[in-house]
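Engineer: For my numbering, count along the sequence shown from 1 and bump the result up by 5.
From the three backbone atoms N, C-alpha and C, an ideal C-beta is built for every residue, glycine too.
From a predicted model like this one, the values you see are computed outputs, not experimental measurements.
Dumping the structure here so I can ask a few things about it.
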Amino acid sequence: MDTALVRAVETLILPPGGPLLLAFVGVLAWRLRVGRWFALTGIVALYLLSTPRVAAVLVDGLQRTPATTAAAVRAAGAQAVVVTLAGRYRPAAEYGEAETLSPLSVQRLRYGVWLSRRADLPLAVTGGALGSGEIPLARLATRVLEEEYGLRPLVAEDQSETTWENAHFTAKLLMPLGVRRIALVTSAFHLDRARYAFERAGFEVIGAPTGAYGGEDEASALTDWLPSANALGMSYLALHEHLGGLWYRYREELERRR
Numbered sequence: 006m007d008t009a010l011v012r013a014v015e016t017l018i019l020p021p022g023g024p025l026l027l028a029f030v031g032v033l034a035w036r037l038r039v040g041r042w043f044a045l046t047g048i049v050a051l052y053l054l055s056t057p058r059v060a061a062v063l064v065d066g067l068q069r070t071p072a073t074t075a076a077a078v079r080a081a082g083a084q085a086v087v088v089t090l091a092g093r094y095r096p097a098a099e100y101g102e103a104e105t106l107s108p109l110s111v112q113r114l115r116y117g118v119w120l121s122r123r124a125d126l127p128l129a130v131t132g133g134a135l136g137s138g139e140i141p142l143a144r145l146a147t148r149v150l151e152e153e154y155g156l157r158p159l160v161a162e163d164q165s166e167t168t169w170e171n172a173h174f175t176a177k178l179l180m181p182l183g184v185r186r187i188a189l190v191t192s193a194f195h196l197d198r199a200r201y202a203f204e205r206a207g208f209e210v211i212g213a214p215t216g217a218y219g220g221e222d223e224a225s226a227l228t229d230w231l232p233s234a235n236a237l238g239m240s241y242l243a244l245h246e247h248l249g250g251l252w253y254r255y256r257e258e259l260e261r262r263r
């Protein structure tokens with residue numbers, strides 16, 4: 006399925022688009038009982054998905070792999086550290102560039118550098134353009150690595166548009182180099198789906214999560230139920246991961262039945 010079409014469908018299903026669309030349909034059909042239920046359901050869903058408590062419930066189960074250490078990665082026999090990238094930031098006028106890596110990508114890349122240096126392992130990055138005419142994320146990451154960290158990646162896979170492609174395209178570059186066991190760096194909420202994809206591509210994966218959601222402070226029962234943009238964003242990411250994981254497994258099941 007075309008990546009742009011998938012993202013358009015996601016926008017209409019995931020928050021805030023999904024609940025807002027449901028509420029809008031309800032308003033149009035307000036005279037009908039079902040219309041009023043649609044409107045109410047959309048408003049309540051948007052509120053709940055904006056609360057830290059519900060966001061934490063949605064992300065629970067995604068962050069199953071604890072933080073690791075360089076010593077543990079070395080002991081597990083990792084041959085390289087692989088960082089999956091996630092989005093761009095633009096305009097990046099303060100850097101004198103049209104665009105650079107998004108905060109989420111920078112978070113992953115920074116930890117990847119930290120881990121590769123302490124574990125004395127080569128670093129690989131993966132991420133494509135995600136749109137026509139855009140600079141691939143792997144190239145942006147390579148620029149950051151060279152200019153800010155004085156490093157050059159072992160490989161920079163720059164053709165992928167999805168996590169599944171991250172894994173399989175990176176395998177085509179690393180496998181010929183004899184690299185099969187990797188420390189996979191990505192966001193804690195994304196690690197399960199990324200691990201699944203990279204293992205299906207033939208890698209032995211040591212999870213190296215970063216940026217775990219929750220636990221920043223001891224929120225009160227009241228603030229747990231107050232809506233926030235941060236919680237809505239995490240609800241979106243968590244639902245995206247749950248649906249993405251289901252899709253990967255469903256697609257494999259379809260391929261087995263062919």
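1) Could you tell me which of V160, L114, G155, R200 sits nearest to L182, measuring between CA atoms?
2) Give the DSSP-derived three-state secondary structure of S192 in the structure shown.
3) Excluding the 5 residues preceding and the 5 following V210 in the sequence, name in chain order all residues of the same chain whose CB lies nearer than 7 Å to its CB.
4) Nearest CA to the CA of I18: which residue from E257, G249, L259?
5) Going along the chain, which unbroken runs of the beta strand (DSSP E) with 3 or more residues stay wholly within the segment 11-98?
6) Could you compute how far the alpha carbon of R12 sits from the alpha carbon of L27?
7) According to DSSP, is V118 helix, strand or coil?
8) Which residues in the same chain have their Cβ closer than 7 Å to the Cβ of V30, if we skip the five residues on either side of it in sequence?
9) DSSP has T131 in a bridge; who is on the other side?
10) Would you report the Cα separation of L242 and A91, rounded to the nearest angstrom?
11) Leaving out the 5 sequence neighbours to the left and right, which residues in its chain are closer than 6 Å to L114 when beta-carbon positions are compared?
12) Taking the alpha-carbon positions, what's the E170 to P232 distance?
13) Report the rounded CA-to-CA distance for V14 versus S121, giving the unit in angstroms.
Structural biologist: Quick answer:
1) The shortest C-alpha separation from L182 is found at V160.
2) Strand, per DSSP.
3) Cβ neighbours of V210 beyond the five flanking positions: I187, L189, R200, F203, E204.
4) Of the candidates E257, G249, L259, the one whose C-alpha sits nearest the C-alpha of I18 is G249.
5) For the segment 11-98, whole beta strand (DSSP E) runs of length 3 or above, ordered along the chain, are 85-89.
6) Taking the straight line from one Cα to the other gives about 18 Å.
7) For V118, the secondary structure class from DSSP, reduced to helix, strand or coil, is helix.
8) Same-chain partners within the cutoff: F43.
9) BP columns for T131 point to T89, E162.
10) Cα-Cα distance, rounded: 12 Å.
11) A distance below 6 Å between beta-carbons, with the five flanking residues on each side excluded, links L114 to the following residues of its chain, in chain order: V88, A146.
12) Each residue's alpha carbon lies about 35 Å from the other.
13) Approximately 37 Å between the Cα atoms of the pair.
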